[in-house]
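A.B. asks:
Put into structure tokens, the structure is as follows:
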């Protein structure tokens, strides 16, 4: 796959992953969260009300980890991939995607223990963040090793 094809695939993967985490919030989280106030104040409540109702009728009681923890892992993974796709040749940006985003997410979750970050601490959130990060690291190192192998074949004829 060409570098531009890889970037397109990474962007699709990143946006899809972030979108799935967002959808989990829109569908199953309580509507008293600040996110819903923002959406409502923008006049966009019609975007989520009908799909939320329909999906809740189909999937009435999803596992709590899907509702509360999976979005964290999806957001970390998707944001990291999007950041790396935005600057494919920048090692500094890749490091931010691989380390800064997961560390910030872990810090925000751990900050909930001391209550200096609003929310409810959940150990499964830490696991979801670590899992999302691990998937991105494996993907990144696969791409790096695959890309360097392709480059050797190109240089050696």
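Residue numbers (this note's numbering): 4 to 160.
Idealized CB from N, CA, C, for every residue including glycine.
(1) Just the C-alpha distance for residue 81 and residue 105, rounded to the nearest angstrom, thanks.
(2) How far does the alpha helix (DSSP H) with residue 19 in it reach, from first residue to last?
(3) Sorted by chain position, which residues of the same chain lie with C-beta nearer than 7 angstroms to residue 76's C-beta, five sequence neighbours on each side aside?
(4) Between which two residues does the alpha helix (DSSP H) carrying residue 39 extend?
(5) Excluding the five sequence neighbours on either side, which residues of its own chain have a C-beta within less than 8 angstroms of the C-beta of residue 149, listed in chain order?
(6) On the CB-based measure, 16 or more other CB atoms within 10 Å of its CB, does residue 78 come out buried or exposed?
(7) What residue range does the alpha helix (DSSP H) around residue 63 cover?
(8) Under the three-state reduction of DSSP, which class applies to residue 124: helix, strand or coil?
(9) If you draw a straight line from the C-alpha of residue 129 to the C-alpha of residue 28, how long is it?
C.D. replies: The answer reads as follows:
(1) As a working mapping, residue 81 is identified with position 78 in the chain shown. As a working mapping, residue 105 is identified with position 102 in the chain shown. Their backbone Cα atoms lie some 11 angstroms apart in a straight line.
(2) Taking the chain shown and counting its residues from 1, one reaches residue 19 at position 16. Per DSSP, residue 19 belongs to the alpha helix (DSSP H) from 6-31.
(3) As a working note, residue 76 is residue 73 in the chain shown. Within the same chain, residue 76 has close Cβ partners 131, 132, 134 and 135.
(4) Taking the first residue of the chain shown as position 1, residue 39 is located at position 36. First-last of the alpha helix (DSSP H) with residue 39: 37-44.
(5) Translated into positions along the chain shown, residue 149 becomes position 146. If we look at residue 149 and ignore the five residues flanking it on each side, it has no Cβ neighbours.
(6) Against the chain shown, residue 78 aligns to sequence position 75. Buried.
(7) For the purposes of this step, residue 63 is taken as the residue at position 60 of the chain shown. That residue, residue 63, is in no alpha helix (DSSP H); it is neither H nor E in DSSP.
(8) Counting from one through the chain shown, the residue named residue 124 turns up at place 121. Residue 124: coil per DSSP, three-state reduction.
(9) As a working mapping, residue 129 is identified with position 126 in the chain shown. As a working mapping, residue 28 is identified with position 25 in the chain shown. For residue 129 and residue 28, the distance between alpha carbons rounds to 17 angstroms.
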